[in-house]
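Read through the structure below, which is laid out as structure tokens, and then see the notes.
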Amino acid sequence: VRITASELMSAYILPPILETIATQAPSLEIDVVADNGVRDLVRREADIAIRHIRPDQPNLLTRRVGDEAMRFYASPAYLQTMGQPKTSDMSSHQIISFVDTDRMLDYLRPLGLGLTRANFRLSSSSQLVALEMARRGLGIIIAPDWVAEGDSVFVQVMGDVEVFTIPTWLVTHSEMKTNRRIRLVFDHLLDNLS
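Residue numbers (the numbering used here): 137 to 330.
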């Protein structure tokens, strides 16, 4: 059974869930595709996906498993060098992005932070690389609470900014109804992600 999920989900959330599946079904083969892109389930690029956007393709079964809270975080090294960021003046601060800069700016623009492309000099398509850059004090990162709170390096900043919430969807193709392996994994993920 092939599961696709973001790098962060694959690295932090899936391993303990897969550990329990491995105990219950030791002969089951599971391949985790850690990818921040969207795999096509209809074309069988994966059997199950954990996504932050609801798919609109036909013949896919979806279950919303929750919302992911995200906030601004920085390392003490960054704060020592750049100072505490203020929502009223972000001009001198850097934000490390793991999505397209224009898309990030569109998402953040309603917050009135006055951010421009100059605030996003460092980015990576890899969430794990972006986190490591933030750990090293190269910029502020917008990260899920469950990642940053479990990492002793990060400090929440800009607490006056409203929390971002991103929906999380568990998705599979309609074959799940007839494939016991996919159904077993989907149900287990549903129970553990909800």
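For every residue, glycine included, the Cβ atom is placed at its ideal position computed from N, Cα and C.
Query                                                                                              : Result
Ile-189 vs Ile-166 beta-carbon contact at 8 Å                                                      : no
Same chain only: Cβ atoms within 6 Å of Asn-328, ignoring 5 sequence neighbours per side           : Ile-153
Helix, strand or coil at Leu-196 [DSSP, three-state]                                               : strand
Opening and closing residue of the alpha helix (DSSP H) in which Arg-319 lies                      : 316–329
For Thr-140: DSSP bridge partner residues                                                          : Val-169 and Ala-185
Secondary structure of Val-235, DSSP reduced to three states                                       : coil
Cross-strand partners of Tyr-148 (DSSP beta bridge)                                                : For Tyr-148, which the question treats as bridged, DSSP gives no partner whatsoever.
Assigned secondary structure, Gln-220 (DSSP; H/G/I helix, E/B strand, else coil)                   : coil
As assigned by DSSP and simplified to three states, the class of Gln-263                           : helix
Cβ contact check for the segment 201–214 and the segment 288–299: 3 or more pairs under 8 Å        : yes
Euclidean distance between Cα positions of Arg-272 and Ile-302                                     : 26 Å
Reduced DSSP secondary structure (H/G/I, E/B, other) of Val-291                                    : strand
Proximal residues to Ile-170 (C-beta, below 6 Å), its chain only, five neighbours per side dropped : Note on residue identity: the sequence assigns Ala, not Ile, to residue 170. Excluding sequence neighbours, Ala-170 sits near Glu-143 and Ser-146.
Ile-231 vs Asn-255 beta-carbon contact at 8 Å                                                      : yes
Cβ shell of Met-312 (< 7 Å), same chain only, five flanking positions each side left out           : Leu-197, Ile-318, Arg-319 and Phe-322
Secondary structure of Asp-242, DSSP reduced to three states                                       : helix
In DSSP terms, what Ala-279 is bridged to                                                          : Arg-207
Ile-149 vs Leu-306 beta-carbon contact at 8 Å                                                      : no
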